[in-house]
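With the first letter of the sequence shown counted as 1, position 168 gets the number 168 in full-length UniProt numbering; the numbers rise by one all the way through. Remarks on the structure that follows.
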Amino acid sequence: MKQLIVIQLLICLTLASTAQDDLVQSEDLKEYTQGVFDFEGQMYSGYLKAIDDDKTYFHYYFMTSTFEDQDISEQNTPVMLWLNGGPGCSSLQGAVNENGPFVFKEGTAEFQENIWSWTKFAHMLYLESPAKVGYSYGNSDVNDDTVAIQNLRALVDFFQRFPEYQAKDFFISGESYAGIYIPLLANQILLHNQQNPNNTINLKGIMIGNGCTHPTECSDVADIYPIHTIEYFARQGFLSEEQYKTAQYLQNSKKCSDLHQLHQDCMDFLEEVVNQYYESPSVFLMNPYNIYGYCYNFKPDSFLLRKNDPMLKRFKPKNKLNDDDQFGSCTDDIGMYTVFRDQKWKEITHIKLDSPEWDVCTEDDEFIYEKFEQQSYYIYESLIKSKKIRIMHFSGDIDSVVPITGTLFWIQLLQNELQLSTTENWRAWYVPGEQTINEQQNAGNVFAIEGLQFVSVRNAGHMVPTDRRKEAYYMTKYFILDRKLPDRQQSVSVQ
Numbered sequence: 001m002k003q004l005i006v007i008q009l010l011i012c013l014t015l016a017s018t019a020q021d022d023l024v025q026s027e028d029l030k031e032y033t034q035g036v037f038d039f040e041g042q043m044y045s046g047y048l049k050a051i052d053d054d055k056t057y058f059h060y061y062f063m064t065s066t067f068e069d070q071d072i073s074e075q076n077t078p079v080m081l082w083l084n085g086g087p088g089c090s091s092l093q094g095a096v097n098e099n100g101p102f103v104f105k106e107g108t109a110e111f112q113e114n115i116w117s118w119t120k121f122a123h124m125l126y127l128e129s130p131a132k133v134g135y136s137y138g139n140s141d142v143n144d145d146t147v148a149i150q151n152l153r154a155l156v157d158f159f160q161r162f163p164e165y166q167a168k169d170f171f172i173s174g175e176s177y178a179g180i181y182i183p184l185l186a187n188q189i190l191l192h193n194q195q196n197p198n199n200t201i202n203l204k205g206i207m208i209g210n211g212c213t214h215p216t217e218c219s220d221v222a223d224i225y226p227i228h229t230i231e232y233f234a235r236q237g238f239l240s241e242e243q244y245k246t247a248q249y250l251q252n253s254k255k256c257s258d259l260h261q262l263h264q265d266c267m268d269f270l271e272e273v274v275n276q277y278y279e280s281p282s283v284f285l286m287n288p289y290n291i292y293g294y295c296y297n298f299k300p301d302s303f304l305l306r307k308n309d310p311m312l313k314r315f316k317p318k319n320k321l322n323d324d325d326q327f328g329s330c331t332d333d334i335g336m337y338t339v340f341r342d343q344k345w346k347e348i349t350h351i352k353l354d355s356p357e358w359d360v361c362t363e364d365d366e367f368i369y370e371k372f373e374q375q376s377y378y379i380y381e382s383l384i385k386s387k388k389i390r391i392m393h394f395s396g397d398i399d400s401v402v403p404i405t406g407t408l409f410w411i412q413l414l415q416n417e418l419q420l421s422t423t424e425n426w427r428a429w430y431v432p433g434e435q436t437i438n439e440q441q442n443a444g445n446v447f448a449i450e451g452l453q454f455v456s457v458r459n460a461g462h463m464v465p466t467d468r469r470k471e472a473y474y475m476t477k478y479f480i481l482d483r484k485l486p487d488r489q490q491s492v493s494v495q
């Protein structure tokens with residue numbers, strides 16, 4: 001018995017020292033950022049085992065909560081995993097451009113405090129997945145299913161390193177192709193909990209922003225003719241009246257319905273639309289991720305065409321782009337490339353020599369990723385019927401990459417197929433204003449069906465927490481608290 005206790009103690013000490021080895025020294029962060037990164041929580045940076053081959057590890061950042069939100073007690077503060085999409089894009093985008101405690105000033109490599117950081121009410125875990133994404137390394141021959149299994153394995157490793165967090169409520173959030181990652185991971189967690197009742201992950205809910213879900217959104221065949229993006233352009237006035245009528249005709253005639261056998265008229269019309277938004281083979285005339293935002297085209301010397309960027313696959317004029325073209329994605333990447341490729345930063349954050357050179361999105365020729373045409377739509381029936389987790393989909397309403405039109409399409413389809421009742425009718429929701437003269441501001445709209453809530457975020461693009469930090473903060477906090485978003489008559493708690 002004593003021998004068993006000694007062995008267990010040694011295991012605990014080993015796990016504790018491993019986690020402690022990943023601790024990023026606050027003094028180093030403050031020095032690197034010239035005093036700006038003065039974080040009251042703790043930041044960890046290290047690697048989690050994704051496959052039991054001792055060769056495949058996912059890099060992570062873990063930022064503990066500062067417990068600044070009075071609506072969520074320290075005892076009830078949850079752990080939240082954040083995943084960006086791609087597939088192949090780094091989740092560190094979320095940490096430094098979206099919802100972390102310190103983010104880059106727009107268009108610069110200079111840090112500033114994020115007063116709407118989610119670390120005020122949650123312990124935030126950012127995971128670079130799969131292998132060869134960001135600083136992660138190892139076997140990168142993967143598909144939608146194997147990534148879910150590997151993400152689960154990494155989570156098991158995380159809670160072994162940080163056992164004090166295992167009993168806490170656990171949420172998963174993310175955006176874009178994380179609309180595939182997250183539901184499939186949630187399903188794996190539920191299966192894991194059934195098989196391991198003494199080692200469960202306390203999953204409470206998932207929330208997905210502008211997320212790929214239905215086969216007509218982000219599958220390889222959908223990239224050929226992005227039906228929801230074209231509809232979105234028409235609604236936003238990006239098409240002429242004549243083009244809008246053509247789009248309606250093509251849709252009603254069913255010529256563009258079968259993505260495996262598209263009529264030539266569809267391809268000709270797509271090229272006509274695409275050419276309106278190209279000045280040259282490598283310059284966008286608009287930001288597809290935020291149609292009213294700036295288009296940043298920063299590129300490090302080694303950064304070539306993003307072959308796996310969904311917008312490039314959709315909006316590539318015939319015979320105009322080749323593999324040697326340099327191409328910016330319009331997203332604001334300059335800060336991330338400047339810092340995450342800096343040797344001093346890598347030393348501070350314990351980046352291993354085995355790690356690849358950091359890229360915001362890994363190129364297709366560097367790893368093999370198979371996207372399943374079924375996407376994640378099929379899994380919602382079992383997730384909803386399990387009644388074990390809450391689900392939110394939120395959409396920035398000025399994103400054309402995974403637009404709100406596609407999300408509303410498949411939610412209505414799901415409701416009809418599963419005969420799910422509406423539990424909350426479409427209505428506006430509100431956040432506090434900046435002055436007493438405008439105490440409440442419209443933040444978007446919300447409605448809910450059995451097992452799933454939808455939230456639109458007004459004037460936000462593909463990266464909602466980047467464009468609308470306050471709205472994203474309240475939306476996420478209310479989801480954690482399992483409260484309805486405030487309407488015009490309700491008071492909104494202010495920090």
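No residue lacks a Cβ here, since even glycine has one placed at the ideal position from N, Cα and C. Please read all numbers here as calculations on a predicted model, not as lab measurements.
Span of the beta strand (DSSP E), counted from its first residue to its last, around residue i
i, result
"Q166", "No beta strand (DSSP E) contains Q166, which DSSP labels as neither H nor E."
"R469", "No beta strand (DSSP E) contains R469, which is instead part of the alpha helix (DSSP H) from R469 to L481."
"Y57", "Y57 to M63"
"Y126", "H123 to L127"
"F454", "L452 to V457"
"K49", "M43 to K49"
"F171", "F170 to E175"
"F367", "Here F367 belongs to no beta strand (DSSP E), and DSSP marks it neither H nor E."
Where the alpha helix (DSSP H) through residue i begins and ends
i, result
"H192", "A178 to Q195"
"F158", "D144 to R161"
"L203", "L203 -> not in any alpha helix (DSSP H); beta strand (DSSP E) instead, spanning L203 to G209."
"Q70", "No alpha helix (DSSP H) contains Q70, which DSSP labels as neither H nor E."
"V274", "Q264 to V274"
Backbone CA spacing between residue i and residue j [nearest angstrom]
i, j, result
"R488", "A50", "46 Å"
"W426", "V24", "45 Å"
"Q419", "K387", "16 Å"
"Y57", "T64", "22 Å"
"A247", "L239", "9 Å"
"Q412", "F394", "15 Å"
"V464", "N416", "28 Å"
"G444", "L29", "37 Å"
"I367", "I334", "One point to set straight first is that residue 367 is Phe, not Ile, in the sequence displayed. Approximately 24 Å between the Cα atoms of the pair."
"H263", "V221", "14 Å"
"Y378", "W116", "34 Å"
"D157", "Q195", "17 Å"
"R341", "A109", "12 Å"
"P317", "L270", "Residue placement at P317 cannot be trusted, given a pLDDT of 41 that sits under 50; the coordinates are not used to answer."
"D22", "S45", "5 Å"
"C89", "Y135", "11 Å"
"Q441", "C361", "35 Å"
"D52", "Q42", "28 Å"
"D54", "S355", "14 Å"
"D332", "C295", "8 Å"
Reduced DSSP secondary structure (H/G/I, E/B, other) of residue i
i, result
"P288", "coil"
"N97", "helix"
"R235", "helix"
"E373", "coil"
"L420", "coil"
"H393", "strand"
"A443", "strand"
"D399", "coil"
"L83", "strand"
"N252", "helix"
Close-in-space but distant-in-sequence residues of the same chain around residue i (CB under 7 Å, 5 per side omitted)
i, result
"I398", "N290, I291, Y292, N459, A460 and G461"
"H192", "L152 and I201"
"D268", "none"
"I182", "L83, I172, G174, I206 and I208"
Residues near residue i in its chain [Cβ-Cβ closer than 8 Å; skip 5 each side]
i, result
"F233", "L239, V273 and S400"
"T77", "S65, F67, F121, A122, H123 and K168"
"D71", "F121, K477, L481 and S493"
Beta carbon proximity, residue i to chain B, threshold 8 Å
i, result
"N114", "Of the protein chains in the structure, only one exists, and it is not chain B."
>> Between the segment 370 to 388 and the segment 163 to 170, can you find at least three pairs of beta-carbon atoms closer than 8 Å?
In response: no
> Counting pairs of beta carbons, one from the segment 182 to 201 and one from the segment 394 to 411, are three or more of them closer than 8 Å?
Replying inline: In this structure the segment 182 to 201 does not touch the segment 394 to 411; the number of beta carbon pairs closer than 8 Å is below three.
>> Would you call the segment 140 to 158 in contact with the segment 345 to 353, where contact means no fewer than 3 C-beta pairs closer than 8 Å?
In response: They do not touch, by the three-pair rule.
> Do the segment 95 to 111 and the segment 128 to 146 make contact, defined as three or more Cβ pairs closer than 8 Å?
Replying inline: no
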